[in-house]
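**Q** Okay, here's the structure, questions in a sec.
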Amino acid sequence: MFFNKKKKNETIYNPINGTLKELAQVSDPVFSEKMMGDGFAVIPKEGVLYSPVNGTVSSVFPTKHAVGITTKTGLDVLIHIGIDTVELNGAPFEIFVKEGDAVTPETQLATINLPLLAEKEKESDVMIIFTNMDAIKSIDLKITGDSLHATELGTVVTK
């Protein structure tokens, strides 16, 4: 019998229309060397960002460049917009969620002013990082090519 058996699979979705790439391809070593955790990146083609998971917003950075989400299985997901964008003090971003909000892959988290990022010579990669790697059993994601937001990319299994 299977008493107290909880679902441990977390479905991961593409949060933004764009081109998927491995973290190793990101120019910032903090991400490419997985110092903050494992995950993937998307080079956005449009500036509308959605949640990559079902969960609850755990943090919204004051500089609007990052949002944290925690899932019911305990997976911590960091959505980081751009490279070295913290120094822009939120100018290219508009955030539509706050801490405690429930989100789904259909929930718009933010808009990104891609032309302003280009003008400021900032890379627009959106990194999706699973920050609590000690709680992860396995990651199985298909991270290649162009993809639309809400496309199912695979699963992360928590311990």
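In this text, residue positions in the sequence shown follow our numbering: the first is 1009, and each later residue adds one. No residue lacks a Cβ here, since even glycine has one placed at the ideal position from N, Cα and C. As the structure is a computational prediction, the values presented were derived from the model and not from experiment.
#1: Do you know offhand how far Asp1133's Cα is from Ile1120's?
#2: Counting only the same chain and skipping the five closest in sequence on each side, list residues whose C-beta sits under 7 Å from that of Glu1018.
#3: To the nearest angstrom, how far is it from the Cα of Ile1020 to the Cα of Leu1161?
#4: Under a three-way DSSP split, which group does Leu1125 fall into?
#5: Among Ile1077, Phe1069, Pro1113 and Val1105, whose alpha-carbon lies nearest the alpha-carbon of Glu1095?
#6: Grab the span of the alpha helix (DSSP H) containing Pro1037 for me, first residue to last.
#7: Taking the alpha-carbon positions, what's the Met1044 to Phe1138 distance?
#8: For the beta strand (DSSP E) that Leu1057 lies in, which residues bound it at each end?
#9: Suppose you measure from the CA of Gly1026 to the CA of Ser1155; what does that come to, to the nearest Å?
**A** If we stick to the structure as given:
#1: 11 Å
#2: Val1061, Thr1079, Thr1081, Leu1083, Thr1163, Val1164 and Thr1166
#3: 6 Å
#4: helix
#5: Phe1069
#6: Pro1037 to Ser1040
#7: 8 Å
#8: Val1056 to Tyr1058
#9: 6 Å
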